[in-house]
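Peer 1: First to last, the protein sequences are chains A and B.
Following this note's numbering, the numbering of the first sequence begins with 256 at its first residue and continues without gaps.
Following this note's numbering, the numbering of the second sequence begins with 7 at its first residue and continues without gaps.
A virtual CB, placed ideally from N, CA and C, is assigned to each residue, including glycine.
Values in this document were obtained by computation on a predicted structure and should not be read as measured data.
Pasting a structure below so you can have a look.
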Amino acid sequence: MPADSTSTAASKAAAALADVEPRPGVPKPDPILIADGVARRFGGLTAVEVDHLEVQRGVITALIGPNGAGKTTFFNLLTGFDKPNEGTWSFEGSDLGGVPAHKVARKGMVRTFQLTKALSKLSVMDNMRLGATGQKGENFFRALIPGIWTGQQKEIDERALDLLGRFKLDAKKDDFAGSLSGGQRKLLEMARALMVEPTMVMLDEPMAGVNPALTQSLLGHVKDLREQGMTVLFVEHDMDMVRDISDWVVVMAQGKIVAEGPPDSVMADQAVIDAYLGAHHDAPLSVEEEQAQLAEAEAELEALQEEREK
Amino acid sequence: MDFGVIFDNTLNSLFNAEALYLALAAVGLNIHFGYTGLLNFGQVGFLAIAAYGLGVGVTYLGLPFFASIALGLALAVLLALLLGIPTLRLRADYLAIVTIASSEVIRLVARSAAMRDITGGSSGLTGFAGGFYDLNPLSDGTYGFGPWIYNENRFWLLLVGWSLVVLGSIMIFMLMRSPWGRILKAIREDEDAVRSLGKNVVGYKMQSLVLGGLFGALAGFVFAIANSSIQPDNYGTQLTFFAYTALILGGTARVLGPVAGSIIFIGLFVFLENTLVQAINADIIPESIMNSNQVGIVRGILVGLGLMLLMIFRPQGIFGDKKELALDAR
Ligand SMILES: Nc1ncnc2c1ncn2[C@@H]1O[C@H](COP(=O)(O)OP(=O)(O)OP(=O)(O)O)[C@@H](O)[C@H]1O
Ligand SMILES: [Mg+2]
């Protein structure tokens, strides 16, 4: 079973970040990713303008912010899928400016996409196989001699089947990826990214469209990644999930980092509520929760009114 | 009306030179378009540059036959690199524009008066095929059976050419079930996903462009040698689209799709032409409706009609998989 929140990795992560001051751009004790002055403009619109951000190694960091805050654009910049107008960023100490996307992935920073990119006309298994790196048969000449690569492919298949099992996709392994449902494609994309054996995974809304029961087990998988020593940076709109699994939360609004800190304190931050929670909140999952939220909101309103009256 | 002649001519055409070079060109396009999703609208440019490499090598440079073949292949690789380097990083449509333009540039440069000493200008080149026929181990006479009877030279060309088709198809079969081929197919589906998994997408697209271009080059050699001449105006854009038609008719991303498609396409062409000519000669089609000068046009119309029907009733082509096609609609 996936590790629970009291596991060693989680407590280590909490300990490492315990003394970090919760303010935007704060330095971390052991950063794996550092971005400096990264800006991306589309014509007159500044989509991303990050002065300084450090991501701590071995922890789960959430990147939240309202629609259009620039989270996806920031992901694209960090992973080489887009080029910034200015700025520098490094991963594990090596500068990533101008490094093409595939080389970023090979360095161990692998991302998924908000709009899922399942390779429709390839089988689920072939999607998984594609993720494996250093395949001998990916060279044109060696591809022509099956003896060279079939042994390696068997090992890859075992690893792929294991991952597919964890993501409840093993029954679908021979189907076209294009025949999967939207949620299943999200799962496949995540499993495929793990085939690369990354040191850092960047997940852009991994839970969007995944049913609640599966979300729970997916959360377990993400925690598991931390357990295995991976660093996770993920974008998510579901606040319950963010609260549940992240060790650190970074808030973006209008391209800038407006807040940083442990989940509970960040979500209580007025700047965050203004920028994000006030403007947009995810639809509740059940009637009870909806009522609970309503009661909460009413209580908050009352508290505010009382404060004003004072 | 002489049905015997119609059927004989049609059957004879199925494995004759026209179907052969169309098949080779379409096999190359299948690598580009069918497997990798590259929109190469200038396949004929690879045929032309390789044919001229052979022709110019023998007649102008005085090279031996095989050295000229090597020159033609090298030029095809060079063309692929020239086309690919500026465009493969960009969106798919840029390659389409650049390839269609470059194939016309090659034809127009070859037929220009300024190039007359080298390429023969608009009258083209002859006298380069001897080296190929000198290698022919067959003695004079006719070979084959039934409707497939050819003289020793044609039989030799067909033997070599179809062997290349078979060997090429086996190679593509091997490649497409390997990790290399998997990357090409994945690029066709979504190249950003492939990039995110650490694969050098531009490098693989380039390999695909070169490999498909080399099949185009083989088609160009067959075309030139079969006619024993290179006529620049035979290398117009129409040939590219015939190759696309054959590919789609047979089924894209299927090893035998382009081969079967080319054979059927040419067979259909020859059948319609012979039938129309016979019907006019026998006065079954009266002069007031069409005369023998219009056979070519009517044949084109009928083939177009047939293709429309195919796209309506069997859009995946003859070998294609309907289930796979349905995935696009999701
Ligand atoms: N290619 C582009 N051209 C022009 N504007 C763009 C482009 N990509 C993004 N933008 C703009 O940049 C801003 C940030 O977009 P981005 O997709 O990064 O937001 P996001 O934080 O991921 O939002 P969401 O939560 O909705 O996914 C938006 O205002 C968007 O309109
Ligand atoms: Mg986004």
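1. Is the Cβ of methionine 7(B) closer than 7 Å to any Cβ of chain A?
2. Please classify asparagine 297(B) as buried or exposed, where buried requires at least 16 other C-beta atoms within 10 Å of its C-beta.
3. Distance, Cα to Cα, aspartate 285(A) vs tyrosine 210(B)?
4. Would you say the beta carbon of lysine 326(A) comes nearer than 6 Å to a heavy atom of ligand 2?
5. With DSSP collapsed to three states, give me the class of alanine 538(A).
6. Can you name the start and end residues of the beta strand (DSSP E) that histidine 307(A) belongs to?
7. Mapping DSSP to helix, strand and coil, what is glutamate 293(B)?
8. Quick check on the burial criterion: 16 or more other C-beta atoms within 10 angstroms. Buried or exposed for asparagine 299(B)?
9. Ignoring anything shorter than 4 residues or poking outside the region 472–558 of chain A, list the alpha helix (DSSP H) runs there in chain order.
10. Under DSSP, the alpha helix (DSSP H) around tyrosine 27(B) begins and ends at which residues?
11. Valine 305(A) and arginine 295(A): beta carbons closer than 7 Å?
12. May I ask you to check if the CB of glutamine 509(A) is nearer than 6 Å to at least one heavy atom of ligand 2?
13. In chain A, which residues lie less than 7 Å from glutamate 279(B) when you measure between Cβ atoms?
14. Please report how far the alpha carbon of histidine 38(B) lies from the alpha carbon of leucine 416(A), in whole angstroms.
15. Taking 6 Å as the cut-off, is the C-beta of glutamine 369(A) nearer than that to any heavy atom in ligand 2?
16. Which residues in the same chain have their Cβ closer than 7 Å to the Cβ of asparagine 340(A), if we skip the five residues on either side of it in sequence?
17. Run down chain B in chain order and give the residues with a C-beta less than 7 Å from the C-beta of valine 451(A).
18. Quick check on aspartate 502(A): buried or exposed, where buried means 16 or more other Cβ atoms within 10 Å of its Cβ?
19. Return the Cβ separation of histidine 492(A) and glutamate 460(A) in integer angstroms, given the expectation that the two are a contact with Cβ distance under 8 Å.
20. Taking the alpha carbon of phenylalanine 134(B) as the point to measure from, which residue in Ile290(B), Phe229(B), Ala25(B) has its own alpha carbon closest?
21. From which residue to which residue does the beta strand (DSSP E) around asparagine 157(B) run?
22. Report the residue from Ser436(A), Gly389(A), Phe396(A), Met380(A) whose alpha carbon sits nearest the alpha carbon of methionine 177(B).
23. Can you tell me where the alpha helix (DSSP H) with leucine 316(B) in it begins and where it stops?
24. Below 7 Å CB to CB, which residues in the same chain sit around lysine 328(B) once its five sequence neighbours on both sides are set aside?
25. Do tyrosine 241(B) and arginine 113(B) count as a contact pair if the criterion is CB distance below 7 Å?
26. Do you know offhand how far asparagine 18(B)'s Cα is from threonine 148(B)'s?
27. Quick one: what's got a C-beta closer than 6 Å to arginine 260(B)'s C-beta in the same chain, skipping five residues either side?
28. I'd like to know whether the C-beta of alanine 439(A) is nearer than 7 Å to at least one C-beta of chain B.
29. With respect to 6 Å, is the separation between the Cβ of asparagine 240(B) and the closest non-hydrogen atom of ligand 1 below this value?
30. Just to check my reading of the structure: alanine 31(B) and glycine 222(B) have Cβ atoms closer than 8 Å, yes? What is that Cβ distance to the nearest angstrom?
31. Taking Cβ positions, are phenylalanine 336(A) and alanine 356(A) nearer each other than 7 Å?
32. Inspect the CB distances between the region 398–418 of chain A and the region 357–372 of chain A and report whether three or more fall short of 8 Å.
33. Below 8 Å on C-beta distance, what does alanine 398(A) contact in chain B?
34. Quick test of the definition: if touching needs 3 or more C-beta pairs under 8 Å, does the region 274–294 of chain B touch the region 76–91 of chain B?
35. Which residues mark the beginning and the end of the alpha helix (DSSP H) in which tyrosine 100(B) is found?
36. Using a Cβ-Cβ cutoff of 7 Å, what residues of the region 336–359 of chain A are near chain B? List them in chain order.
Peer 2: Here's the rundown:
1. In the second sequence, the residue the question calls residue 7(B) occupies position 1. Answer no: the Cβ-Cβ gap between methionine 7(B) and chain A never drops below 7 Å.
2. Along the second sequence, read from residue 1 onward, the residue named residue 297(B) stands at position 291. Exposed is the call here.
3. The residue given as residue 285(A) occupies position 30 in the first sequence. The residue given as residue 210(B) occupies position 204 in the second sequence. Computed Cα separation, rounded: 37 Å.
4. Residue 326(A) sits at position 71 when you count from the first residue of the first sequence. With a threshold of 6 Å, the Cβ atom of lysine 326(A) counts as near ligand 2, since some heavy atom of the ligand is closer than that.
5. Position 283 of the first sequence, counting from 1, holds the residue named residue 538(A). Any answer about alanine 538(A) is weak, because its pLDDT of 49 lies below 50 and its placement is not dependable; what the coordinates show is given next. DSSP places alanine 538(A) in coil when its eight states are reduced to three.
6. Within the first sequence, the letter at position 52 stands for residue 307(A). That run of the beta strand (DSSP E) goes 300–311.
7. As a working note, residue 293(B) is residue 287 in the second sequence. In this structure, glutamate 293(B) counts as coil in the three-state DSSP scheme.
8. Residue mapping note: residue 299(B) aligns to position 293 of the second sequence, counting from 1. So asparagine 299(B) counts as exposed.
9. 494–500, 518–523
10. As a working mapping, residue 27(B) is identified with position 21 in the second sequence. 23–35 is the span of the alpha helix (DSSP H), which, as asked, contains tyrosine 27(B).
11. What you label residue 305(A) is simply residue 50 of the first sequence in a count that begins at 1. What you label residue 295(A) is simply residue 40 of the first sequence in a count that begins at 1. No. Outside cutoff.
12. In the first sequence, the residue the question calls residue 509(A) occupies position 254. No, the Cβ of glutamine 509(A) stays beyond 6 Å of every heavy atom of ligand 2.
13. The residue labelled residue 279(B) in the question sits at position 273 within the second sequence. Neighbours of glutamate 279(B) on chain A: none; closest Cβ ~37 Å, over 7 Å.
14. Numbered from its first residue, the second sequence carries residue 38(B) at position 32. Numbered from its first residue, the first sequence carries residue 416(A) at position 161. Straight-line Cα distance between these residues: approximately 31 Å.
15. Numbered from its first residue, the first sequence carries residue 369(A) at position 114. The answer is yes for glutamine 369(A).
16. Taking the first sequence and counting its residues from 1, one reaches residue 340(A) at position 85. Closer than 7 Å at the Cβ level, and outside the excluded window around asparagine 340(A), lie Ala294, Arg295, Arg296.
17. Indexing the first sequence from 1 puts residue 451(A) at position 196. The contacting residues are Leu203, Gly204.
18. The sequence position of residue 502(A) within the first sequence is 247, counting from 1. Buried, by the Cβ-count rule.
19. Looking up residue 492(A) in the first sequence gives position 237. Looking up residue 460(A) in the first sequence gives position 205. At roughly 7 Å, the Cβ-Cβ gap stays under 8 Å, so histidine 492(A) and glutamate 460(A) are in contact.
20. By one-based count along the second sequence, residue 134(B) stands at place 128. The residue with the shortest Cα to Cα distance from phenylalanine 134(B) is Phe229(B).
21. Numbered from its first residue, the second sequence carries residue 157(B) at position 151. Taken as a continuous stretch (DSSP letters only), the beta strand (DSSP E) holding asparagine 157(B) covers 154–157.
22. Within the second sequence, numbered from 1, the residue matching residue 177(B) stands at position 171. Nearest of Ser436(A), Gly389(A), Phe396(A), Met380(A) to methionine 177(B), Cα basis: Phe396(A).
23. The residue you call residue 316(B) lines up with position 310 of the second sequence. Start and end: 301–319.
24. Locating residue 328(B) in the second sequence gives position 322, counting from the first residue. In the same chain as lysine 328(B), and ignoring 5 residues on each side of it, the C-beta atoms closer than 7 Å to its own belong to Gln322, in chain order.
25. Residue 113(B) sits at position 107 when you count from the first residue of the second sequence. Residue 241(B) sits at position 235 when you count from the first residue of the second sequence. Yes; because the gap between Cβ atoms is below 7 Å, this pair is in contact.
26. Reading the second sequence from its first residue, position 12 is the one you call residue 18(B). Reading the second sequence from its first residue, position 142 is the one you call residue 148(B). Approximately 14 Å between the Cα atoms of the pair.
27. The residue labelled residue 260(B) in the question sits at position 254 within the second sequence. A distance below 6 Å between beta-carbons, with the five flanking residues on each side excluded, links arginine 260(B) to the following residues of its chain, in chain order: Phe325.
28. Taking the first sequence and counting its residues from 1, one reaches residue 439(A) at position 184. Before going further, note that residue 439(A) is glutamine rather than alanine in the sequence given. Judged by the 7 Å Cβ criterion, glutamine 439(A) is not in contact with chain B.
29. Numbered from 1 along the second sequence, position 234 holds the residue referred to as residue 240(B). Incorrect: asparagine 240(B) has no Cβ contact closer than 6 Å to ligand 1.
30. Translated into the one-based positions of the second sequence, residue 31(B) becomes position 25. Translated into the one-based positions of the second sequence, residue 222(B) becomes position 216. Beta-carbon to beta-carbon, alanine 31(B) and glycine 222(B) are separated by about 6 Å, close enough to satisfy the 8 Å threshold.
31. For the purposes of this step, residue 336(A) is taken as residue 81 along the first sequence, with counting starting at 1. For the purposes of this step, residue 356(A) is taken as residue 101 along the first sequence, with counting starting at 1. In this structure, alanine 356(A) lies closer than 7 Å to phenylalanine 336(A) by Cβ.
32. Flag = no, the region 398–418 of chain A and the region 357–372 of chain A do not touch.
33. Position 143 of the first sequence, counted from the start, is the residue given in the question as residue 398(A). Neighbours of alanine 398(A) on chain B, chain order: Met180, Leu181, Ser184, Pro185, Trp186, Gly187.
34. no
35. On the second sequence, residue 100(B) is found 94 positions in, with the first residue counted as 1. Unbroken alpha helix (DSSP H) run through tyrosine 100(B): 98–116.
36. Phe336, Ala356, His357
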